[in-house]
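Numbering-wise (full-length UniProt numbering), the sequence shown opens with residue 1 and increments by one. Note that beta-carbon positions come from the ideal geometry of N, C-alpha and C, so glycine has one too. Everything numeric in this text was worked out from a predicted model, so none of it was measured. This report refers to the structure that appears directly beneath it.
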Amino acid sequence: MGIAIGFLVPPILVPNVDNLDELAHHISIMFYITAGVATILFILVIFVFQEKPDIPPTQAQAKARSIPPEQCSYTASILRLLHNRPFILLIFTYGLNVGCFYAVSTLLNQMIMEHYPGEEVNAGRIGLTIVVAGMFGSLICGIWLDKTKTYKQTTLAVYLLSFVGMLVYAFTLNLGHLWVVFITAGVLGFFMTGYLPLGFEFAVELTYPESEGTSSGLLNCSAQVFGIIFTIAQGKLIDRFGTLAGNIFLCVFLFLGTIMTGFIKSDLRRQKANQQAEMNTSGSCERITAHLEANVSSPATVDNSSSKDKEPLGQLQMDADTSQPPETVPVTDT
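Right under this line is the structure:
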């Protein structure tokens, strides 16, 4: 949502004017608004948000919390992650995809203005379309992952579709129809922005029981590095050869990232931990149930056996009570 607002609001707050003093005034207003919103969010994070939920959301998270703090140092966690080959591949593939997204987002206004002069506001709206479509993509991908648990398959499919979307966007940008750009940019954003949560979730699976913050931080670091490189390189290519060459440059790296994603081993450690915890829990419940059933059935057996043993004694007692003493014959003196 913040990125979407960032595409929509700046073209409105900062109009295209030739007077530098007026332009600086509008830019300063935009920066003051940004600083105010960021300050409010900073205060809310400090005083409102919890560090972690009181109750672990999953069995795997409960198990991860039981690890002693001395075994969870940040440096040791980084070193372990750097020896995790599937995660290293994911760092590069995530950086390639999100770096391309950052480059497109940064240079979008320049690309639109080259083919559609005077359409600054529509350039912002196209950026808004990319992000809003990506929000729906993220939501749909999250629901799909929750139901299917197909992390690698979904990540690979979305990566491939991001590559296809980038190709379509590259070859339709110069057709002269702005509505076509809206559609192709929306499709591109649906998959490229939708890939963001997939990468984070896949990283958590590959790196469990390491902290999600550590793996997410490394992914973001990779994305920033590739984003800077791609933005500078694509900008120079656009200035020298045009927008098509710059977009083809990104397509090459998206294709490379798709191939690399196919080589990531799907080692879903968090899912295995959840399944193991559920098996242990169900096994414990079965043992407790069997123990309780045994305790309940034992007194009944004893009572039945004791009643059977007592039945002859009761019958003998009744016989003894109902028996009459022998008659005595009176003796008379003659």
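Beta-carbon gap between residue i and residue j smaller than 8 angstroms
i, j, result
"serine 150", "alanine 185", "The residue you asked about is not serine; residue 150 is threonine in the sequence shown. In this structure, alanine 185 does not lie closer than 8 angstroms to threonine 150 by Cβ."
"glutamine 234", "phenylalanine 255", "no"
"residue 417", "serine 216", "As displayed, the chain neither begins before 1 nor continues past 334, which places residue 417 out of reach and without an answer."
"arginine 269", "leucine 206", "yes"
"methionine 111", "threonine 243", "yes"
"isoleucine 264", "leucine 90", "yes"
"asparagine 133", "glycine 189", "Looking at the sequence provided, one finds alanine at residue 133 rather than asparagine. Taking 8 angstroms as the Cβ cut-off, alanine 133 and glycine 189 qualify as a contacting pair."
"threonine 93", "leucine 160", "no"
"glycine 99", "isoleucine 3", "no"
"leucine 145", "glutamate 210", "no"
"asparagine 97", "tyrosine 195", "yes"
"lysine 152", "serine 266", "yes"
"proline 86", "cysteine 141", "no"
"threonine 261", "threonine 155", "yes"
"alanine 203", "leucine 219", "yes"
Local conformation of residue i per DSSP, three classes
i, result
"proline 86", "helix"
"valine 14", "coil"
"phenylalanine 31", "helix"
"isoleucine 3", "helix"
"leucine 244", "helix"
"glutamate 51", "coil"
"serine 266", "coil"
"cysteine 175", "Note that residue 175 corresponds to leucine in the displayed sequence, not to cysteine. Correct three-state label for leucine 175: coil."
"asparagine 19", "coil"
"tyrosine 116", "coil"
"serine 216", "helix"
"glutamate 278", "helix"
"serine 73", "coil"
"serine 211", "coil"
Which listed residue (the options) has its alpha carbon closest to that of residue i
i, options, result
"methionine 166", "Tyr32, Gly246, Asp267", "Gly246"
"serine 73", "Gly213, Phe202, Ala103, Asn122", "Gly213"
"valine 158", "Glu205, Tyr169, Pro11, Gly199", "Gly199"
"glutamate 120", "Asn16, Ile183, Ile43", "Asn16"
"methionine 30", "Val45, Gln50, Val14, Asp21", "Val14"
"serine 138", "Met1, Leu8, Met279, Asn280", "Met1"
"leucine 8", "Met279, Ser105, Leu237, His25", "Ser105"
First through last residue of the alpha helix (DSSP H) which encompasses residue i
i, result
"valine 187", "178-207"
"serine 138", "120-148"
"phenylalanine 171", "151-172"
Whole-angstrom C-beta distance between residue j and residue i, which should lie under 8 angstroms
i, j, result
"alanine 123", "proline 11", "7 angstroms"
"leucine 108", "isoleucine 126", "7 angstroms"
"cysteine 251", "phenylalanine 191", "In fact, because the Cβ distance is near 13 angstroms, the residues do not count as touching under 8 angstroms."
"valine 181", "valine 168", "The Cβ separation is near 11 angstroms, so there is no contact."
"alanine 273", "tyrosine 208", "6 angstroms"
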